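In the working numbering, the protein residues as written are 1317 to 1453.
Glycine included, C-beta positions come from ideal geometry on N, C-alpha and C.
Bear in mind that the values here come from a model prediction, so they are computed numbers and not experimental data.
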Ligand code: CMP
């Protein structure tokens, strides 16, 4: 069994997509092992997205990611990292296919509703920014 982190970004929460997104995970048979709503501080957002430091969109990304509440969850399932990457679709909502979360709900590369870890290493790093080990069942 593999684990990953899924974050519903501030745009997804503002637009009332939390239930829809959690429902897609549950219907797929993916298990939720931790779940919380929080607002990331600037520092948390910088740490969460540190692989993008130095890129032209970094400042805007950090501002956006800390602009309002997010819903973060640890998910578990067989090959869940690649399964969820397929379910969310490519980064750019304008190019994401219908049926994916970004394809169905986003028309933007920045405000693309969700984030999911892209590797086990990314998961280990990202989950520590948001959850303490005791919070994960
Ligand atoms: P995410 O999958 O969370 O990873 C990095 C985020 O940066 C991405 O989704 C977008 O929200 C944001 N972003 C903004 N511009 C770009 C870009 N040109 N390329 C990649 N990510 C971008």
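Residue 1371 and residue 1380 have their C-alpha atoms some 15 Å from each other. Annotation for residue 1373 indicates a beta carbon within 8 Å of some heavy atom of the ligand CMP.
Judged by DSSP in its simplified three-state form, residue 1411 adopts coil rather than helix or strand. Annotated as distal: residue 1445 and residue 1327, with beta-carbon spacing of 9 Å or more. The three-state secondary structure of residue 1357, taken from DSSP, is coil. A distance of 9 Å or more separates the beta carbons of residue 1385 and residue 1340.
When secondary structure is reduced to three states using DSSP, residue 1402 falls in the helix class.
Per DSSP, reduced to three states, the secondary structure at residue 1349 is strand. Assigned with DSSP and collapsed to three states, residue 1386 falls in strand.
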